[in-house]
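K.L.:
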Amino acid sequence: MMGFYELLPCGVFTLKKKQEHMSFFLIFGLLTILIHLALGLIFGFLLLPNFLTLMLEKHNELQKQVIISLTIQCILPLLCLVLPYGLLILEAIINSQSLAGVTNTLITLGGLHSFFHSVVIISIIKPYRNAIVDFVKKMFGISPDTNAILPSNTTQPLSLI
0 MMGFYELLPC GVFTLKKKQE HMSFFLIFGL LTILIHLALG LIFGFLLLPN FLTLMLEKHN
60 ELQKQVIISL TIQCILPLLC LVLPYGLLIL EAIINSQSLA GVTNTLITLG GLHSFFHSVV
120 IISIIKPYRN AIVDFVKKMF GISPDTNAIL PSNTTQPLSL I
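In numbering that gives the first Met the number 0, the protein residues as written are 0 to 160.
#1: Could you check the C-alpha separation between Phe50 and Ala91 for me, to the nearest Å?
#2: Taking C-alpha atoms, which residue in Pro48, Asn103, Pro76 lies nearest to Ile88?
#3: Could I get the ranges of all uninterrupted alpha helix (DSSP H) runs contained in the segment 69 to 136, with 4 residues as the minimum, in chain order?
#4: Within 10 angstroms of its Cβ, does Pro83 collect 16 or more other Cβ (buried), or is it exposed?
#5: By how many angstroms is the C-alpha of Leu77 removed from the C-alpha of Gly109?
#6: Mapping DSSP to helix, strand and coil, what is Gly140?
#7: Hey, how far is the Cα of Gly25 from the Cα of Cys73?
#8: Classify Leu69: buried if its beta carbon has 16 or more other beta carbons within 10 angstroms, exposed otherwise.
#9: Would you check if the distance between the CB atom of Lys125 and the CB atom of Gln64 is smaller than 9 Å?
#10: Using a Cβ-Cβ cutoff of less than 8 Å, which residues in the same chain neighbour Ala99 once the five nearest sequence positions on both sides are dropped?
#11: Skipping 5 residues on each side, what residues in its chain have a beta carbon closer than 8 Å to that of Ile123?
#12: Taking a contact to mean a Cβ-Cβ separation below 9 Å, would you say Leu75 touches Phe115 in this structure?
#13: By alpha-carbon positions, which one of Gln62, Phe139, Val101 ends up nearest to Leu47?
#14: Spatial neighbours of Tyr127 within its chain, please: CB distance less than 8 Å, with the 5 preceding and 5 following residues excluded, ordered by chain position.
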């Protein structure tokens, strides 16, 4: 009967059999993640002062919402995808049964990445947030806040005839 490694001779299972490849894999993977993170932070902080000085005053609030939204959207995959799958790979490499329960829970939560992404967008962008709040108020029988925009150049009431 064939062993499990012979049936699936790829990826992490092959690395477990050869210790020198496993250490190279870990070092290269961590180095790649750290370089990308460092470059993102460096260029983000270098471009931020120029970005803030070039913004128009009337667009400040919208730009702030976009920056916060994009920052959270960049952190969200790290928490929902990289962390669970990184722990899964680490568990397979070191063959630790203590990480199994945590990894299974995190991978299950990682499947909710799309849901978390939608919730972040709806909660941060003000028009979306207001629409959801008004919908919930309407659902529970509370009168929603209505902000009507009226034209400012009308001097006479409109006739219905």
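Here a beta-carbon is modelled for each residue, glycine too, at the ideal position from N, C-alpha and C.
P.N.:
Looking at the atomic coordinates:
#1: Approximately 44 Å between the Cα atoms of the pair.
#2: Asn103 is the residue among Pro48, Asn103, Pro76 whose C-alpha sits nearest the C-alpha of Ile88.
#3: Counting whole runs of 4 or more residues, the segment 69 to 136 contains the alpha helix (DSSP H) stretches 82 to 93, 99 to 109, 112 to 123.
#4: Burial of Pro83 is indicated by the presence of at least 16 other C-beta atoms within 10 angstroms of its C-beta.
#5: Spanning the two alpha carbons is a distance of roughly 10 Å.
#6: Residue state, collapsed to three classes: coil.
#7: Note that residue 25 corresponds to Leu in the displayed sequence, not to Gly. When rounded, the distance between both Cα atoms is 23 Å.
#8: Leu69 counts as exposed, since fewer than 16 other C-beta atoms from the protein chains shown sit within 10 angstroms of its C-beta.
#9: Closer than 9 Å, so yes.
#10: Glu90.
#11: Beyond the five residues adjoining it in sequence on each side, Ile123 comes within less than 8 Å, by CB distance, of Gln64, Ile67, Ser68, Ile71 in the same chain, given in chain order.
#12: Yes, these two residues count as a Cβ contact at 9 Å.
#13: Its Cα nearest to that of Leu47, the residue Gln62 stands out among Gln62, Phe139, Val101.
#14: For Tyr127, where only same-chain residues beyond five positions count, the Cβ hits under 8 Å are Ile120, Ile121.
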